[in-house]
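For the sequence shown, this note's numbering begins at 141 and goes up steadily by one. The C-beta atom is built at its ideal place from N, Cα and C for all residues, glycine as well. Contents: one structure, followed by commentary.
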Amino acid sequence: MRIAQRDAPGGREQRGSVELYTAPNFGGNRYLLNQDLDNFSNGGFNDRIASFTISGGQWEMCVDAGFRGRCVVFGPGRYANLGQLSNQLSSMRRVD
């Protein structure tokens, strides 16, 4: 997958990116994504995400593949502990 690119200095990120981690507090294996992914099984990390960071945009994270089941929208930031969503996520997509 390609790395997110920025517009000219001071510009908005074209897509933003999400760094997914398999352990709380940004530990464990790391996966960098910058596009929608409808099934985390394709990357080998289904139901294994315990923390993540978002560099730009609004991203919907869902507990089922195909953007189904319980979904929550997150904006830019660092999410060190996902609580009940930890080890439950199966898909994500940009929603803005």
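* Asked: Does the Cβ-Cβ distance between A190 and S231 come in under 7 Å?
  -> no
Looking at the structure shown, is F214 part of a helix, part of a strand, or coil, going by DSSP? strand
Problem - Chain-order list of residues whose beta-carbon lies under 6 Å from that of V163 (same chain, five-residue window excluded) - result: It is Ala, not Val, that sits at residue 163 in the sequence shown. Only A190 meet the Cβ criterion.
So, helix, strand or coil for N173, using DSSP?
One detail in the question is off: residue 173 reads as Leu in this sequence, not Asn. Strand at L173.
Measure the alpha-carbon distance for G167 versus Y219 and round it to whole angstroms.
12 Å
| said: Are the CB atoms of G217 and G156 within a distance shorter than 7 Å? | reply: no
Check your understanding: What does D204 pair with, by DSSP beta-bridge criteria?
Key -> R208
Please name the residue in R233, D236 and N221 whose C-alpha comes closest to that of Y161.
N221
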